[in-house]
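All remarks here apply to the structure that follows.
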Amino acid sequence: MMFNRFCPSCKTNVNLKQVHRTFVERYMTRKLWVKYECCNCGAEVFAHCTKAQDLELITKSKQVPTE
Numbered sequence: 001m002m003f004n005r006f007c008p009s010c011k012t013n014v015n016l017k018q019v020h021r022t023f024v025e026r027y028m029t030r031k032l033w034v035k036y037e038c039c040n041c042g043a044e045v046f047a048h049c050t051k052a053q054d055l056e057l058i059t060k061s062k063q064v065p066t067e
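Start counting the sequence shown at 1; every next residue gets the next number (the UniProt record's numbering).
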């Protein structure tokens, strides 16, 4: 699923794609969290299932700056 939300890595409103979580993420460390990937920069972001506005950046952008 895609969601239009603010990405903390690239600092813009972009589409975030919901991605699969690992077993440890699902059942041990982040039970009530949903994992997203930014379609613009490729950063992985977690959001609490009841507080979708609060996004926590897990990995930074995978793109290399062109500047």
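From the three backbone atoms N, C-alpha and C, an ideal C-beta is built for every residue, glycine too.
In this structure K11 does not touch C39 by the C-beta definition: roughly 15 Å separates them, more than the 8 Å allowed.
In terms of Cβ geometry, A47 and C7 do not form a close pair [threshold 8 Å]. Only residues of its own chain outside the window of five on either side were considered, and among them K35 have a CB closer than 6 Å to the CB of R21, listed in chain order. Counting the other CB atoms within 10 Å of its CB gives V14 a total of 16 or more, which places it among the buried residues. By DSSP's assignment, V14 forms a beta bridge with R5.
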